[in-house]
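Heads up: the sequence shown at position 74 corresponds to 74 in full-length UniProt numbering, and the numbers run straight through without jumps.
Beta carbons are placed, not taken as given, at the ideal position from N, Cα and C, and that holds for glycine.
In this text, all values refer to a predicted model and were calculated from it rather than measured experimentally.
Inspection log for the structure reproduced underneath, given as structure tokens.
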Amino acid sequence: MINNGIPAGGGNRSNTSYIGSYQHALASDAGHAMELRRLAEEATVAADQAYAQGRQEGWDEAVREANDRLRQQLAFTAQHVADKERLKAELDKQAKIIDALEARVAAMEEENQRLRQENGLLRKADTSLRELIISLRSANEKLQQQVKELDASYRERTQQYADQLWQYNRTMVFVSAVGGVLEELTRENTPQAQHARELFAEKYAREVDKGLQQGTIKMAPDLDPTFDRYLPKTRQFIADLLVMAQEDKTESLSAGM
1 MINNGIPAGG GNRSNTSYIG SYQHALASDA GHAMELRRLA EEATVAADQA YAQGRQEGWD
61 EAVREANDRL RQQLAFTAQH VADKERLKAE LDKQAKIIDA LEARVAAMEE ENQRLRQENG
121 LLRKADTSLR ELIISLRSAN EKLQQQVKEL DASYRERTQQ YADQLWQYNR TMVFVSAVGG
181 VLEELTRENT PQAQHARELF AEKYAREVDK GLQQGTIKMA PDLDPTFDRY LPKTRQFIAD
241 LLVMAQEDKT ESLSAGM
């Protein structure tokens, strides 16, 4: 028995946090329940913060990767422009030398006009130099044309790369938005979440089969190492959803037996 907070049999217990009254027991129990609720709320907030942080980190990682690619492309472009300008300058210099050589040959031809009656070898030499100049000029013009074609081709490739990069960024925006919605829909073990996972697995399998038949993909994205290299978090998210959908299906079959 308890008499005025002193246990029956006399003496004092070492535990001073509980004084033995019914009211104090209720208060302690209520305080304990409030503490549990507070801890649960803090855990939920921490989980939501970690979830949001993880999504943001994934997006930041994708942006950094795209920017790294862009910087590499810009460096490559700058090097290409520098090389092309050096080659163009060299060809321009060569063309001027050919012009000077042609002018020198023309002067020699005028001088030799007066001497052709006396020495037939001079005429042969003039003809050889003229043929050499024609050959050099032809080669120079072909090289200049090749530089122009290379420049045009490179501009086209650069534009294609830029279009691909922008397309990649646009795709990342879409993937991030869709992924965020799917994560919200499927993170809880509710009937709605199970249905969302099941629906995703069906649609995904259908699209993968369609892509394989049309030849637009070589394998399913969740199995593709290239896709994993560029979008690792998205690939892992797809794989996790497929595993969870399979587990839901297995549990449903077990429950129906």
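Assigned exposure category for residue i - 16 Cβ within 10 Å defines buried
| i | result |
| --- | --- |
| residue 265 | No information on residue 265 is available, as it lies outside the stretch 1 to 257 that the chain covers here. |
| aspartate 89 | According to the sequence provided, residue 89 is alanine. The question's aspartate does not apply to it. Burial call: exposed. |
| isoleucine 238 | buried |
| leucine 231 | buried |
| alanine 220 | buried |
| threonine 234 | buried |
| leucine 26 | Any reading at leucine 26 is ruled out, since the residue's pLDDT is 49, under 50, leaving its predicted position unreliable. |
Own chain residues within Cβ distance below 8 angstroms of residue i, not counting five before or after
| i | result |
| --- | --- |
| glutamate 198 | Ala245, Asp248 and Lys249 |
| threonine 186 | Ala193, Ala196, Arg197, Phe200, Leu241 and Met244 |
| isoleucine 134 | none |
| serine 254 | none |
| alanine 103 | none |
Whole-angstrom distance between residue j and residue i, CA atom to CA atom
| i | j | result |
| --- | --- | --- |
| aspartate 209 | aspartate 222 | 13 angstroms |
| glutamate 156 | valine 147 | 14 angstroms |
| aspartate 228 | alanine 205 | 18 angstroms |
| leucine 212 | proline 225 | 16 angstroms |
| serine 138 | glutamine 159 | 32 angstroms |
| glutamate 202 | glutamate 149 | 49 angstroms |
| proline 191 | alanine 152 | 58 angstroms |
| glutamate 207 | lysine 218 | 13 angstroms |
| glutamate 131 | arginine 86 | 28 angstroms |
| glycine 180 | lysine 142 | 56 angstroms |
Residue i: CB within 7 angstroms of a non-hydrogen atom of the ligand NAD
| i | result |
| --- | --- |
| valine 147 | Absence of the ligand NAD from the depicted structure is noted, as is the absence of any ligand whatsoever, leaving it without description. |
Cβ shell of residue i (< 7 angstroms), same chain only, five flanking positions each side left out
| i | result |
| --- | --- |
| asparagine 189 | none |
Close Cβ partners of residue i (< 6 angstroms) along its chain, the five nearest in sequence each way excluded
| i | result |
| --- | --- |
| serine 252 | none |
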